[in-house]
Amino acid sequence: MIENALDLLGIIPMHPGFALFRLGRLLRIIRIHHLFYKLGIDGKWTRNFHRFMYDTGFIYLFSISIVIICISAWLFSIVERQSLPSALWWAVTTATTVGYGDDSPHTAWGKLIATALMFGGIGFIGLLTSTITEFFTKRAAQTKPSDPEMTALLQEVRALSKQVTQLQRQLNHSKKK
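Numbering (my numbering), first residue to last: 8 to 184.
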């Protein structure tokens with residue numbers, strides 16, 4: 008179900024507002040036919056992409072966020088009697104905390120849906136953001152300097168640190184006398 012979530016969202020409603028989810032099929036075609044390998048861009052990039060999408064759980068958080076937004080938009084369109092594209096616009100702006108104010112719920116059920124979307128949508132979008140940040144900070148921390156200039160700079164910093172430590176010891180020793 009999770010692996011085919013974008014296909015499910017792209018097939019069920021045949022409304023043009025859900026055409027974006029049909030792009031998931033394009034990604035599946037690229038993956039099935041090994042187009043990255045045939046184009047010569049396989050390897051490090053696809054490993055990093057796979058590690059980012061699956062090892063961090065980003066794909067699951069993204070899928071849950073999309074489902075929350077779509078269900079909220081669908082319910083909002085029914086309760087507030089709006090078109091699905093405008094309800095989808097409302098759901099995206101509400102979940103991303105943009106909230107232009109051009110549309111707000113008027114019924115009690117609409118306000119309840121908005122509240123659920125605010126808690127669920129904002130929470131999951133925050134998790135998405137933190138997942139992206141964590142991936143890149145861990146990656147930056149794991150990279151070792153391979154550039155000769157960077158290695159030379161690190162050696163210089165270490166030498167300067169040793170000199171500062173020696174000067175502090177001499178200063179402390181002279182203060183004690």
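All C-beta atoms in this analysis are idealised placements derived from N, C-alpha and C, irrespective of residue type, glycine included. Everything numeric in this text was worked out from a predicted model, so none of it was measured.
The count of Cβ pairs closer than 8 Å, one atom from the region 116-125 and one from the region 74-89, reaches three, so the stretches are in contact. Membership of Tyr67 in the alpha helix (DSSP H) is indicated by the continuous run Phe65 to Val86.
Spatial neighbours of Ile75 in its own chain (CB-CB distance under 8 Å, excluding positions within 5 residues in sequence) are listed in chain order as Ala102, Leu124, Gly127, Gly128 and Phe131. For Val171, the enclosing alpha helix (DSSP H) stretches over residues Pro155 to Lys183.
Taking the C-beta atoms as reference points, Phe143 is found no nearer than 8 Å to Thr63. In terms of Cα proximity to Phe59, the closest of Leu135, Ala94 and Asp109 is Leu135. Annotation: the region 108-137 contains no complete segment of the beta strand (DSSP E) (minimum length 3 residues). Burial is judged here by how many other beta carbons sit within 10 angstroms of a residue's own beta carbon; Ala80 has at least 16 and is buried. Annotation: Asp154 to Ala94 spans about 52 Å, alpha carbon to alpha carbon. Taking a 10 Å sphere around the C-beta of Leu174, we find fewer than 16 other C-beta atoms and assign the residue as exposed.
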